[in-house]
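K.L.:
Quick note on numbering: the sequence shown equals residues 169 to 467 in this note's numbering.
Pasting a structure below so you can have a look.
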Amino acid sequence: MRFFLLVLLLIYYKVKYFTLRDSLPELPPHFFFGNLIQSGLLFYDQSPRQVFSTFRKRFDDTFQFWLGPTRIIVVNKIGDIQHIFTNRHIYDQGEIYIQLFSTLFSDGLICLRGAQYKRHASVTLPIFHRSKIIPHFNIIVDCTDKLLTHWRAYSREHVHCNIIKQSENVMLAIFGWIAFDYDLDTFDHGCKNELTQALKSYLSTLTDDTNSSVTRSNRNYYYYCGCRPYSTIGWTEHENLRDERAEAFRSLLWPGVYEWSYLMRATCAGTFIIPPAKAEEMYSPENLGRCTTEKVIID
169 MRFFLLVLLL IYYKVKYFTL RDSLPELPPH FFFGNLIQSG LLFYDQSPRQ
219 VFSTFRKRFD DTFQFWLGPT RIIVVNKIGD IQHIFTNRHI YDQGEIYIQL
269 FSTLFSDGLI CLRGAQYKRH ASVTLPIFHR SKIIPHFNII VDCTDKLLTH
319 WRAYSREHVH CNIIKQSENV MLAIFGWIAF DYDLDTFDHG CKNELTQALK
369 SYLSTLTDDT NSSVTRSNRN YYYYCGCRPY STIGWTEHEN LRDERAEAFR
419 SLLWPGVYEW SYLMRATCAG TFIIPPAKAE EMYSPENLGR CTTEKVIID
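Quick look at the structure:
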């Protein structure tokens, strides 16, 4: 009797969570594992970026992906993405995003749904409507001019290797004037403004490397455990090498001890802060995840 009930439970689970129901293209999922094994994400050391790129080439811009029992609809076409975010009253946020991002951004718009989203959106989104931006066009021009003036202070032979970071500074300056009518001093490298530092730290968690050729060279990820004495990890989901922090992030790890080594090539002089040795110190609120003692100074 118990065996019969177990079989019925497995059949119900298979029909409910692993059965194709609509016309969206997808790879038929395995029971319990979904597409994790077929895509190479689980055992063949493929990164999510590589997997989704392969699926996009095979199934076009919109397809389904089974992350275990969780079905994900992947949309790549920019027009469809704009339509979805413009019509949030129709396309509500999925549970998977709330679970993933709410740890860091519990009150972010990407983690809100229903009445709470409408309440927050009614306050923040009107700031960036076209009718609200045009009156502040002079502020945008002035902030851009400040960046150009900052660049002109250097010699023509100087190569700007941190354009992405400087573009972020322009965006923060514009945001500060429009939203708060306040100068965040983002162009001042010695700025100690706590709000500015907090916003920069927040942005650094959302962006990729500033120089992939540097951060992705000569990397070794070593993995040790009792049953697998040695293994090399070949990918991470996020790497960050900036003026004040170097870090690597990977969401899928087996139990064990990991060592991460990397080689950095400095393209300009400056003071570089070494990342903390322990992962739990990476986002310590006391020092914003930055080591307070270990530094490298390049003249």
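We treat Cβ as the ideally placed atom computed from N, Cα and C, and that holds for glycine.
Report the option in Ile332, Lys314, Tyr322, Trp319 whose CA atom is closest to the CA atom of Asp353.
P.N.:
Minimum Cα distance to Asp353 is reached at Lys314.
K.L.:
Would you mind giving the Cβ-Cβ distance between Ile346 and His288, rounded to the nearest angstrom? I have them listed as a contact below 8 Å.
P.N.:
Their Cβ separation, rounded to whole angstroms, is 18 Å, which puts Ile346 and His288 out of contact at 8 Å.
K.L.:
Restricting to Cα atoms, I'd like to know which of Lys286, Glu194, Ser207 is closest to Thr254.
P.N.:
Cα-wise, what sits closest to Thr254 is Lys286.
K.L.:
Counting Cβ pairs closer than 8 Å, one from the stretch 242-251 and one from the stretch 195-209, do we hit at least three?
P.N.:
Taking 8 Å as the limit for Cβ pairs, the verdict is that the stretch 195-209 does not touch the stretch 242-251.
K.L.:
Using DSSP with H/G/I as helix, E/B as strand and the rest coil, what is Asp377?
P.N.:
Only weak support is given to the placement of Asp377: the predicted model assigns it a pLDDT of 41, under 50, and the question is left unresolved by the model.
K.L.:
For Gly202, which beta-bridge partners are listed by DSSP?
P.N.:
Note: Gly202 sits in a beta bridge opposite His198, Leu235.
K.L.:
With burial defined as no fewer than 16 other Cβ atoms inside 10 Å of the residue's Cβ, what is the status of Lys225: buried or exposed?
P.N.:
Under this definition Lys225 is an exposed residue.
K.L.:
Which residues in the same chain as Arg239 place their Cβ atom closer than 7 Å to its Cβ, once the five residues preceding and following it in sequence are excluded?
P.N.:
The answer, listed in chain order, is Gln232.
K.L.:
Measure the beta-carbon distance from Leu204 to Leu235 and round it to whole angstroms, keeping in mind my assumption that it falls under 8 Å.
P.N.:
Yes, they are in contact, since the Cβ atoms of Leu204 and Leu235 sit about 7 Å apart, within 8 Å.
K.L.:
For Thr292, does the three-state DSSP call read helix, strand or coil?
P.N.:
Helix, per DSSP.
K.L.:
Within a Cβ cutoff of 7 Å, which residues of the same chain sit near Asn361, ignoring the five residues on either side of it in sequence?
P.N.:
Leu352, Asp353, listed in sequence order.
K.L.:
Between Ile465 and Val219, what straight-line distance do the alpha-carbon atoms span, to the nearest angstrom?
P.N.:
Spanning the two alpha carbons is a distance of roughly 39 Å.
K.L.:
So what's Ile241 in DSSP terms, helix, strand or just coil?
P.N.:
It is a strand residue.
K.L.:
Would you identify the three-state DSSP class for Ile258, choosing helix, strand or coil?
P.N.:
Here Ile258 sits in coil by DSSP.
K.L.:
Tell me the rounded alpha-carbon separation between Asn306 and Ala341.
P.N.:
If I take the Cα positions, the gap works out to 13 Å.
K.L.:
Looking only at its chain, what residues have a beta carbon closer than 8 Å to the beta carbon of Ile331, apart from the 5 residues adjacent to it on each side?
P.N.:
Around Ile331: no qualifying Cβ.
K.L.:
Among residues of its own chain, excluding the 5 on either side of Phe468, which ones have a beta-carbon nearer than 8 Å to its beta-carbon?
P.N.:
Residue 468 lies beyond the residue range present for the chain, which begins at 169 and ends at 467; the question has no answer from this structure.
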